Amino acid sequence: MTSNNKKKVFSGVQPTGALHLGNYLGAIKNFVSLQTDYDSLYCIVDLHAITVWQNPKELKDNILEVASAYLACGIDPKNSTIFVQSSVPQHAELAWIFNCISRIGWLNRMTQFKEKAGKNKENVSSGLYTYPNLMAADILLYQADLVPVGDDQKQHLELTRDIAQKFNNDYSDFGGDNFFSIPEPLILSGSARIMSLRDGSKKMSKSDSSSMTRIELKDDNDLIVKKISKAKTDPLPMPGSLKELDSRPEVRNLLNIFSSLREETVSEIINEFNGKQFSDFKKNLSDLLISKLEPIRLELLKIEADKSYIRDVLSNGSYKAIEKSEKTIKEIKNIIGLG
Ligand code: TYM
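The numbering used here numbers the first residue of the sequence shown as 2 and each following residue consecutively.
What follows is the structure, given as structure tokens:
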């Protein structure tokens, strides 16, 4: 297949701090495996990041860090377009158009906004509220077919599909009929929601105040061993069946991590460790994590030191992304009757 008739993949990561195992297993690892069969675009979504105040100096560093992590994890700029969202103005332009298509009632249902805003709803930025419209713009600007994400983005993907459908309907008599193809989320069970190492009911997250809750891509081997040995479990022995995991969220999480890294089913891992000590399992999990993450960390540190290489990759990516998105935005404006 030539790159023109390949199906398209789009996804993005916010440059808001240290990337962790959840970002890797839930998203970036899948970006890597899709890039050969799909025309793939992987974005560093800095416009999403500023929906919450960011220190400008740290934001600049974090943008380069996500780019380095993409490259270190195996995204190849020869296969994929890697770029920064704000360097392609069409994202913000389409987001505005989608602000006018999307409904207040739809945004009011977004659970991530409710979680992030909490009790402070009157005082968060309006950007945080319309954030999913920008995300829809990211995806639909490239007419992406597939969007690999973790489970927490599922509702945003549903909103994206609703926006695409409403646009197609609203403008069906003006060339908009079936204009947007309806993107599909790719959410892999098992790795779609990696939980905190300290609380099996909470998602592993960049914003958790304790770094002991997460494995970061930059953690060295000793720190990985320490975090896994301190990871919460329970007083029961290693489980003998999947059913037992229903009431043991921390243990299920560690088994999910093991199974995603090894690319084997949780049942296979349960059988392997049934009757063994927890300490045995944790030792094997640390070894497995180190075998997968150490090469990524070393590569990340190397790439991060070569800022001019990263800037080259990003400016190439931005050039390619602008070329693709200019064409779509022109068609959209023409359909709507703008300019
Ligand atoms: P962000 O930056 O919060 O996370 C990046 C990706 O990592 C996934 N993820 C997880 N997966 C499994 N377990 C976890 N604990 C975990 N934590 C994070 C997220 O689901 C995501 O796939 N809104 C998006 C960024 C975005 C985007 C887009 C994604 C903007 N535009 C267009 C796809 C398409 C976000 O905040 O991801």
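Ideal Cβ placement from N, Cα and C applies to all residues, glycine included. Since the model is a prediction, treat every value here as computed from it, not as a measurement.
Among the options, the one whose alpha carbon lies nearest that of residue i
i: Ile-140; options: Glu-324, Ile-164, Ser-210, Asp-171; result: Ile-164
i: Gly-201; options: Asp-223, Phe-279, Asn-170, Arg-249; result: Arg-249
i: Asn-179; options: Val-89, Pro-186, Ser-210, Phe-168; result: Phe-168
i: Val-226; options: Gln-166, Leu-243, Ser-210, Ile-291; result: Ile-291
i: Pro-236; options: Ile-188, Phe-175, Gly-176, Val-252; result: Val-252
i: Glu-265; options: Leu-289, Gly-106, Asp-247; result: Leu-289
i: Lys-328; options: Leu-95, Asp-153, Lys-120, Thr-214; result: Leu-95
i: Asp-388; options: Asp-247, Ser-287, Phe-259; result: No statement about residue 388 is possible, as the shown extent of the chain runs from 2 to 340 and does not include it.
i: Val-150; options: Pro-133, Asn-121, Ala-193; result: Ala-193
i: Glu-217; options: Ser-12, Asn-24, Asn-6; result: Asn-24
i: Gln-156; options: Ala-137, Tyr-172, Gln-144; result: Ala-137
i: Ser-280; options: Lys-293, Ala-322, Leu-255; result: Leu-255
i: Val-67; options: Thr-52, Trp-54, Gln-86, Lys-204; result: Gln-86
i: Asn-257; options: Gly-18, Trp-54, Leu-22, Asn-6; result: Leu-22
i: Lys-293; options: Ile-304, Lys-219, Lys-334, Leu-243; result: Lys-219
i: Leu-20; options: Asn-317, Leu-301, Ile-336; result: Leu-301
i: Pro-57; options: Gly-18, Gly-75, Ala-93, Phe-32; result: Gly-18
i: Thr-52; options: Phe-114, Arg-110, Gly-176, Lys-7; result: Phe-114
i: Thr-131; options: Ile-105, Ala-322, Asn-121; result: Ile-105
i: Phe-32; options: Val-148, Glu-123, Asn-109; result: Val-148
i: Asp-1; options: Glu-59, Lys-8, Leu-72; result: Absent from the structure is residue 1, since the part of the chain shown begins at 2 and ends at 340.
i: Ile-304; options: Phe-181, Arg-162, Lys-207, Ile-76; result: Ile-76
i: Asn-6; options: Ile-98, Met-239, Asp-146; result: Asp-146
i: Ile-336; options: Gln-55, Leu-187, Gly-176; result: Gly-176
i: Ser-182; options: Gln-166, Ser-88, Ile-188, Asn-121; result: Gln-166
i: Asn-80; options: Gly-338, Lys-331, Lys-321, Ile-333; result: Lys-321
i: Asn-285; options: Glu-59, Phe-259, Leu-243, Glu-123; result: Phe-259
i: Lys-334; options: Lys-61, Trp-97, Cys-74, Asn-63; result: Trp-97
i: Pro-78; options: Tyr-310, Lys-233, Met-111, Leu-158; result: Tyr-310
i: Gly-338; options: Asp-174, Arg-110, Leu-60; result: Asp-174
i: Pro-186; options: Ser-211, Met-213, Leu-158; result: Leu-158
Per DSSP, cross-strand counterpart(s) of residue i
i: Met-83; result: Going by the sequence as given, residue 83 is Ile instead of Met. The partner list for Ile-83 (beta bridge, DSSP) reads Tyr-43.
i: Ser-242; result: BP columns for Ser-242 are empty, so no partner.
i: Glu-185; result: Leu-147
i: Ser-12; result: Tyr-43
i: His-21; result: Glu-217
Distance between beta carbons of residue j and residue i, contact taken as under 8 Å
i: Ser-261; j: Leu-26; result: 5 Å
i: Ala-70; j: Ile-102; result: Actually they are not in contact, since the Cβ atoms of Ala-70 and Ile-102 sit about 33 Å apart, beyond 8 Å.
i: Leu-160; j: Pro-133; result: 5 Å
i: Ala-50; j: Gln-15; result: 5 Å
i: Tyr-172; j: Phe-11; result: That pair is no contact at about 22 Å.
i: Asp-153; j: Lys-204; result: 6 Å
i: Asp-40; j: Lys-9; result: 5 Å
i: Phe-84; j: Gly-318; result: 3 Å
i: Val-267; j: Gly-191; result: 7 Å
i: Lys-207; j: Met-239; result: Actually they are not in contact, since the Cβ atoms of Lys-207 and Met-239 sit about 30 Å apart, beyond 8 Å.
i: Asp-209; j: Arg-215; result: 7 Å
i: Leu-42; j: Thr-82; result: 4 Å
i: Val-89; j: Ile-271; result: Wrong, their Cβ atoms sit about 46 Å apart, outside the cutoff.
Chain C contact for residue i (CB, 8 Å cutoff)
i: Val-14; result: Among the protein chains of the structure shown there is no chain C, as only one such chain exists.
**Asked** Three or more beta-carbon pairs under 8 Å between the segment 40-57 and the segment 297-308, yes or no?
**Response** no
**Prompt:** Is there contact here, the segment 212-228 with the segment 191-201, by at least three beta-carbon pairs under 8 Å?
**Reply:** yes
**Secondary structure, beta strand (DSSP E): runs of 3+ residues fully inside the segment 107-179** = If you keep only unbroken beta strand (DSSP E) runs of at least 3 residues inside the segment 107-179, you get 147-149.
**Prompt:** Three or more C-beta pairs closer than 8 Å, one from the segment 57-67 and one from the segment 115-134: is that the case here?
**Reply:** Judged by Cβ distances under 8 Å, the segment 57-67 makes no contact with the segment 115-134, as fewer than three pairs qualify.
**Request:** For the segment 186-270, list the alpha helix (DSSP H) runs that are entirely contained and at least 4 residues long, ordered along the chain.
**Result:** Listed in chain order, the complete alpha helix (DSSP H) runs (minimum 4 residues) inside the segment 186-270 are 222-231, 250-263.
**Prompt:** Which full runs of the beta strand (DSSP E) of 3+ residues lie inside the segment 265-306, going along the chain?
**Reply:** none
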